[in-house]
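Worksheet: one structure, shown below.
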Amino acid sequence: MAIVRFYVMRQGEKDGDDLTPKGVGQVHDSARTNLVGKGIEFTWAFYSGMLWARQTVVTALDALHHEMPLGGTQVEEGFGYLETEEMFPIANHKEMIDARAKLGETITVLDWLREWTGAAILRGRVQMTLLFLAKRLVAAVKTRERFNILVASHSPTGELACLDPATTPMLREADIMVYEVEVNEDGDARITKSEILRAPY
Numbered sequence: 038m039a040i041v042r043f044y045v046m047r048q049g050e051k052d053g054d055d056l057t058p059k060g061v062g063q064v065h066d067s068a069r070t071n072l073v074g075k076g077i078e079f080t081w082a083f084y085s086g087m088l089w090a091r092q093t094v095v096t097a098l099d100a101l102h103h104e105m106p107l108g109g110t111q112v113e114e115g116f117g118y119l120e121t122e123e124m125f126p127i128a129n130h131k132e133m134i135d136a137r138a139k140l141g142e143t144i145t146v147l148d149w150l151r152e153w154t155g156a157a158i159l160r161g162r163v164q165m166t167l168l169f170l171a172k173r174l175v176a177a178v179k180t181r182e183r184f185n186i187l188v189a190s191h192s193p194t195g196e197l198a199c200l201d202p203a204t205t206p207m208l209r210e211a212d213i214m215v216y217e218v219e220v221n222e223d224g225d226a227r228i229t230k231s232e233i234l235r236a237p238y
């Protein structure tokens, strides 16, 4: 049995295509608070393809004084949302969700799944991406049983594959969703754990 852990970080504050100085600080502090001292060595790093997602990965690795992962840093569109948003525009739904949040309501993954059709599509896409990458990594490196992968994604996207949508809140800037995927001897994979590591603000 092999275990692959994905540390899926939402980007920090951004302005246009870039992280703001505040956003860089959010990512740096989240990485230092949540990942330092846990013996985590990243085998791969992925980002959705957006510039600020790449900046998030690079900033997090720099904060950890982590060398480039053995598998490098690669684009993985399975952690993105643009194609889905083109089919199912999000703007009006986001306004509805934001209005509820301003009234003090805690918005969960289930709220997004009920509000926006695109969220259900993205949930399946992120789940399949996690399983595919875990199986691919374990098949390629048969001498190890534990792997860690760093991912920079978005919200709503990175948190949508959670195991309990009803109680899982949405990611804030620089929060991290940890997914644990088990891959058995036959190559079958399943998501067994999901939890949020909050950025320190």
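Heads up, the sequence shown is in our numbering, so the first residue is 38 and it goes up one at a time. Each residue gets a CB set at the ideal place from its N, CA and C atoms; glycine is no exception.
{"Asked": "Rounding to the nearest angstrom, what Cα-Cα distance links E217 and Y44 in this structure?", "Found": "9 Å"}
{"Asked": "Look at the alpha carbon of P106 and the alpha carbon of L174, and state the distance between them as a whole number of angstroms.", "Found": "13 Å"}
{"Asked": "Report the rounded CA-to-CA distance for L101 versus S231, giving the unit in angstroms.", "Found": "22 Å"}
{"Asked": "Which whole-angstrom value is the C-beta distance of G324 and F125, which I expect to be below 8 Å?", "Found": "In this structure the chain extends from 38 to 238, so residue 324 is not present and cannot be described."}
{"Asked": "D66 and W89 - do their beta-carbons sit closer together than 8 Å?", "Found": "no"}
{"Asked": "Would you decide whether A12 is buried or exposed? Buried here means 16 or more other CB atoms lie within 10 Å of its CB.", "Found": "Here the chain covers residues 38 to 238 and nothing more, so residue 12 does not appear."}
{"Asked": "Are the CB atoms of M38 and N221 nearer to each other than 8 Å?", "Found": "yes"}
{"Asked": "Out of curiosity, what's the CA-to-CA distance linking M133 and E219?", "Found": "37 Å"}
{"Asked": "How many Å lie between S85 and R235 at the Cα?", "Found": "21 Å"}
{"Asked": "Among E152, K172, P206, whose alpha-carbon lies nearest the alpha-carbon of N129?", "Found": "E152"}
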